[in-house]
Amino acid sequence: MRRFIRFYGANPLHLLAVLLCFALVGYAVMVTGPDAFWNTEVWWQSIAVWFVGALLAHDFILFPLYALADRSLSAGIDALRGRRATRPTSVPAINYIRVPCLGTALTFVLFFPGIIKQGSATYVAATGLTQEPFLARWLLLSAAMFAASALAYSTRLAIDSLRSTKAGAP
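If you want my numbering, it's the position in the sequence shown, counting the first as 1, plus 290.
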């Protein structure tokens, strides 16, 4: 088992899951037919082209950007921790910052056309509503995610403090 993990880099269940995903994709292509993924009239509107484009954009553009942002966040937290004279906490803050940042970024990408009011005439015609509240609602949602994360972090700190106080008491 160790030899396999050293060679493959992960648990054998990971390999099984990846193979099952490829089998599912193959089945979907077989059932729907390859023609469903390719637009013969306008090639760039094909599902296959957009899938490959999204894959390339994610792997070569977005992943390095958010890896850099994560490294910067970690370095910033380490720099702040180095300046303080207090004892380091046993509850790391990094994930309590990462999760709302990820949620904020994903909801921004999801609602970006509404936030910048792209296609406002079509939106009004389809719904009878304007796109005015999109930005304010996205900001409120982001604030709520950060507030919930701060509440969860402070709760974890309080629980950790109580545990350390009980452990130190005779």
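Glycine included, each C-beta is placed from N, C-alpha and C at the ideal position.
A quick note: this is a predicted structure, and the numbers were derived from the prediction, not measured.
Asked, Found
"Kindly indicate which three-state DSSP category L452 falls into: helix, strand or coil?", "helix"
"For N301, which residues of its own chain have a beta-carbon under 7 Å away from its beta-carbon, when the five flanking residues on both sides are left out?", "I295"
"Classify M320 as helix, strand or coil using the three-state DSSP reduction.", "helix"
"Quick one, are the C-beta atoms of F401 and F424 less than 8 Å apart?", "yes"
"Kindly confirm or deny that the stretch 439-448 and the stretch 381-392 touch, where touching means at least three C-beta pairs closer than 8 Å.", "yes"
"Here's the rule: buried if 16 or more other CB atoms are within 10 angstroms of the residue's CB, otherwise exposed. What is P390?", "buried"
"Could you tell me the distance, in whole angstroms, from the CA atom of G316 to the CA atom of I351?", "27 Å"
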